[in-house]
Structures are given as structure tokens and as C-alpha cells.
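What follows is a set of notes on a single structure, which appears directly below.
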Amino acid sequence: MHTQTNLMFLIAVIVSLMLSQGESQPCGPSSIDVQQMNTGKKVGTLDTVFRVTVENRCVCTVKAVVVQANGFTSSIPVDPRLFRKAGDTSYVVGDGQQIASTNSVMFEYAWSHYFQITPASVQVEC
């Protein structure tokens, strides 16, 4: 009976390890939420100021968050530590630094219309 209990325990440990290996990267770009809000402020007569919030909804800390923003431009300066170009349409968020779970990075830009900003890649640190 003791041998059977040990065998069952060993099987349970092996199954548990196999399951945890499959969950080593629980989050990806879809766990980054990008929200934009019209602040109601104007720059000049045409450009609207938009506030962008990039939130980490992963249970783990993330870093090197990259988003796509085709054609992005702004009539006001955007702090490059918060949002900077990293390719043709790629932008690094938060200087590539860690963003803890449920934390966010915010920045504002101004243009005559909002730009679609979508998560592209992220490095997960669990």
C-alpha cells in the first residue's frame, strides 16, 4: 500500500510540473490594455489632446512593451521616456522599463484625430 501511495504522489508531481511548464508565459500582448480619452483640450483650433493609458492587465510584471501606431504624430511634444518610436510603426512604452501588474503608463498627444494604438509585443517577468 505504501508503494502505491508513493507512486500516486510521484505521478501527481509529474503532472503538476507538466502543467506548470505550459503556463510559464501566462500573458502576451493581449494582456496590455490601451485606452484613449479625448481630454476636451485643444491645441490651436484644430488639434484635440488625447490621453493614452497603457495598462498591464497581466498577473505578472511586464517590460519592453511595444505597441503599433501607424502614422502616429503629435503637434505637442510627447515625453520619449513614456512613448518613443522604435521602428516604422512600432513604439516603446515606458522606456521599456517594468510595469507591475495593474499599473499603467500615461501620456498625451495632440492631433486632429486619434490614432489606433495596439499592443504588439511584451516581455513577461513572472
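Numbered according to mature numbering (1 follows the signal peptide of the UniProt record, and there is no 0), the sequence shown spans residues -24 to -1, 1 to 102.
Heads up, the beta-carbon is just placed ideally off N, CA and C, and yes, glycines get one too.
Small disclaimer: the values here were computed from a predicted structure and weren't measured.
Residue i and residue j closer than 9 Å at C-beta
i, j, result
"I52", "C34", "no"
"A45", "V68", "no"
"T37", "I93", "no"
DSSP state of residue i mapped onto helix, strand, coil
i, result
"P95", "strand"
"G72", "helix"
"Q(-4)", "For Q(-4), the pLDDT reaches just 40, beneath the cut-off of 50, and the residue's location in the model is therefore unreliable, although a value from the coordinates is still provided. If DSSP states are grouped into helix, strand and coil, Q(-4) belongs with the helices."
"P56", "coil"
In DSSP terms, what residue i is bridged to
i, result
"F48", "Bridge partners of F48: none, in fact."
"residue 103", "The displayed coordinates of the chain run from -24 to 102. Any statement about residue 103 would go beyond what the structure contains."
"V38", "I75 and V100"
"residue 156", "Lying outside -24 to 102, the shown extent of the chain, residue 156 is not represented and no answer is given."
Where the beta strand (DSSP E) through residue i begins and ends
i, result
"A86", "S80 to W87"
"R27", "D23 to N32"
"T15", "I8 to V19"
"R60", "F59 to K61"
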